[in-house]
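Structure first, then comments.
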Amino acid sequence: MQQPQDDEYEQLLQFVYACPVGLVDIEKDGTIRLMNPLAMNLMMSLSTDGMATNLLEALQNYAPELRSLVQDFSAKRGTICSNHRIYLGPEDTGSSDAPKVLSCTIVKLKDERYVVTLADVSLQVRQERRLREAETWFGSLLEGVKDFGVASLGPDGRINAVNSTLSLQTGYDESELNGLSVEDLMEDRPEGTLLSTAHRLEQARKDGWHLDEGWGSRQNGERYWCQSLIAVCVDELSNDQRSIRGYTVIMREVERRDTDMRELKKLLQTDHLTSAYNRGAFFDAANREHISSQRLGRPFALVTFDIDHFKLINDSYGHGAGDDALRTISKVCINAVRPGHVFARIGGEEFAIILPGAALEEAVELAESLRKIIASTAIVTQKSTICVTASFGCAEGLGAQQSVASILADADAALYQAKRAGRNRTAPPLTANETQ
Numbered sequence: 032m033q034q035p036q037d038d039e040y041e042q043l044l045q046f047v048y049a050c051p052v053g054l055v056d057i058e059k060d061g062t063i064r065l066m067n068p069l070a071m072n073l074m075m076s077l078s079t080d081g082m083a084t085n086l087l088e089a090l091q092n093y094a095p096e097l098r099s100l101v102q103d104f105s106a107k108r109g110t111i112c113s114n115h116r117i118y119l120g121p122e123d124t125g126s127s128d129a130p131k132v133l134s135c136t137i138v139k140l141k142d143e144r145y146v147v148t149l150a151d152v153s154l155q156v157r158q159e160r161r162l163r164e165a166e167t168w169f170g171s172l173l174e175g176v177k178d179f180g181v182a183s184l185g186p187d188g189r190i191n192a193v194n195s196t197l198s199l200q201t202g203y204d205e206s207e208l209n210g211l212s213v214e215d216l217m218e219d220r221p222e223g224t225l226l227s228t229a230h231r232l233e234q235a236r237k238d239g240w241h242l243d244e245g246w247g248s249r250q251n252g253e254r255y256w257c258q259s260l261i262a263v264c265v266d267e268l269s270n271d272q273r274s275i276r277g278y279t280v281i282m283r284e285v286e287r288r289d290t291d292m293r294e295l296k297k298l299l300q301t302d303h304l305t306s307a308y309n310r311g312a313f314f315d316a317a318n319r320e321h322i323s324s325q326r327l328g329r330p331f332a333l334v335t336f337d338i339d340h341f342k343l344i345n346d347s348y349g350h351g352a353g354d355d356a357l358r359t360i361s362k363v364c365i366n367a368v369r370p371g372h373v374f375a376r377i378g379g380e381e382f383a384i385i386l387p388g389a390a391l392e393e394a395v396e397l398a399e400s401l402r403k404i405i406a407s408t409a410i411v412t413q414k415s416t417i418c419v420t421a422s423f424g425c426a427e428g429l430g431a432q433q434s435v436a437s438i439l440a441d442a443d444a445a446l447y448q449a450k451r452a453g454r455n456r457t458a459p460p461l462t463a464n465e466t467q
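So in the working numbering, the last one in the sequence shown is 467, and the numbering has no gaps at all.
Printed below as a string of structure tokens:
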């Protein structure tokens, strides 16, 4: 006869396996004791060899701070982190069901056991970003606004009707505005990051609206700070079908007061340890540059590097010395890269740099310069002064057939080629023959 305890255990197993979030039981060093099927699917997507035996190692390149959070938690039990966001990669990985952002909660139980929950919150993050934009728009609806210009766009994104305010705002006659796109009324940004009308319409179709701001351009060449919203106009055909009949655009001239917004943006985009851009900010910038490079027909380059024998530094001098090394190297690199370059920490000891408009030769030149600077930099720790080296990989984006993920993979492959060749060196992308 089955015991009541057996029934309860069976019910517990059913709950764990049917749970709508990933559940992982780990030890202090990250070794996985048990996980449910959903967690297994999420972990398999992060594993390079198809095996997932240590949670903290699997997440090291995406959320290196988790190991420190677990190791430094001194209480006997309690919540270590709650809904901690982990950015896994760009939005163009090629797999529609691959998570891009995970939410992670870690709770310490007795006997040095930890329970981890993992959930794919990619859609939620996108929606939160759109809602923050909408709150900013509607929250400042009457603040510093002179008037609203309104235009109707056809399905092709071209203006087919306007109000008189838009004509006054832009300096164009209503007849001259017909047939133009929103892009025609904006000044291109020096870094070439102005989104094309087609891209903005695509985002509007996906989210229901799209918000942007930048310098508007009047007919006489005068510029003004302009916020614009594109909303989708649909005809409902049935409960599950709709037809897009056009778009409505609201453009408004506002006072440019973005100091507080810049500070908030910097806080959200900065790695807390090194002051470099964080992983999420890196992929946002890389995706924007990829779009610009295709639109403008120009290349852009990526440089990746990591610190040689970094684990040995932690083992020999302690994690505090490792943090000192990361901070020092980040500081010298930030001071060395050019304005317009994006320097980011994308893993535990791995960094990346975006070089807008640069060819491969410029990336290699920058990498060699940084390699020499790092090798000659003394890192002062609490216990001693140490020196480190780094290995670099470079890659160039060439055309629409490549994605950010593939360009970054090329740079990473070159980085590991540099490591195999002896470390403390720079390697360009592998040739076709070398990859075979």
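We treat Cβ as the ideally placed atom computed from N, Cα and C, and that holds for glycine.
Environment of residue i [buried if 16+ CB atoms lie within 10 Å]
i	result
Lys139	buried
Arg376	buried
Asn67	buried
Leu172	Confidence at Leu172 is low in this model, with a pLDDT of 48, below 50, so its placement is unreliable and the value that follows should be read with caution. It is exposed - the Cβ of Leu172 has fewer than 16 other Cβ atoms within 10 Å.
Glu396	exposed
His241	buried
Thr62	exposed
Cys257	buried
Cys418	exposed
Gln186	Per the sequence shown, residue 186 should be read as Pro rather than Gln. Under this definition Pro186 is an exposed residue.
Asn309	buried
Met75	exposed
Gly453	exposed
Gln200	buried
Leu90	buried
Asp60	exposed
Ser407	exposed
Thr110	exposed
Ser324	buried
Asn131	Note that residue 131 corresponds to Lys in the displayed sequence, not to Asn. With 16 or more Cβ atoms within 10 Å of its Cβ, Lys131 is classed as buried.
Val411	exposed
Val55	buried
Bridge partner(s) assigned by DSSP for residue i
i	result
Asp56	Leu65, Val146
Asp4	Only positions 32 to 467 of the chain appear in this structure, which leaves residue 4 out of reach.
Leu260	Leu242, Ile281
Thr416	Val411
Ile385	Leu333, Val373
Met217	Gly247
Residue i, DSSP secondary structure in three states
i	result
His241	strand
Ser269	Unreliable placement is indicated for Ser269, whose pLDDT of 45 sits below 50; the coordinate value is still reported in the next sentence. In the structure shown, Ser269 sits in a strand (DSSP, three-state: E or B).
Thr84	coil
Ala444	helix
Ser105	coil
Glu286	coil
Gln24	Because the chain spans 32 through 467 in this model, residue 24 falls outside it and cannot be assessed.
Gln250	coil
Ala398	helix
Arg454	coil
Ala94	coil
Leu184	strand
Leu77	coil
Thr305	coil
Ser274	strand
Leu100	helix
Leu211	coil
Leu172	Model confidence at Leu172 stands at a pLDDT of 48, short of 50, so the residue's coordinates are unreliable and nothing is read from them.
Pro51	coil
For residue i, the first and last residue of its enclosing beta strand (DSSP E)
i	result
Cys425	421 to 428
Tyr118	109 to 118
Ser7	Any property of residue 7 remains undetermined from this structure, which presents the chain solely from 32 to 467.
Val138	132 to 139
Opening and closing residue of the alpha helix (DSSP H) in which residue i lies
i	result
Asn191	That residue, Asn191, is in no alpha helix (DSSP H); its beta strand (DSSP E) goes 190 to 193.
Ala312	310 to 327
Ser206	205 to 208
Residue-chain proximity (residue i, chain D), Cβ-Cβ < 8 angstroms
i	result
Leu439	Included in the structure is just one protein chain, with no chain D present.
Uninterrupted alpha helix (DSSP H) stretches inside the region 331 to 383 (no shorter than 4 residues): If we require 4 residues or more, the alpha helix (DSSP H) runs fully inside the region 331 to 383 come out as 341 to 348, 350 to 367.
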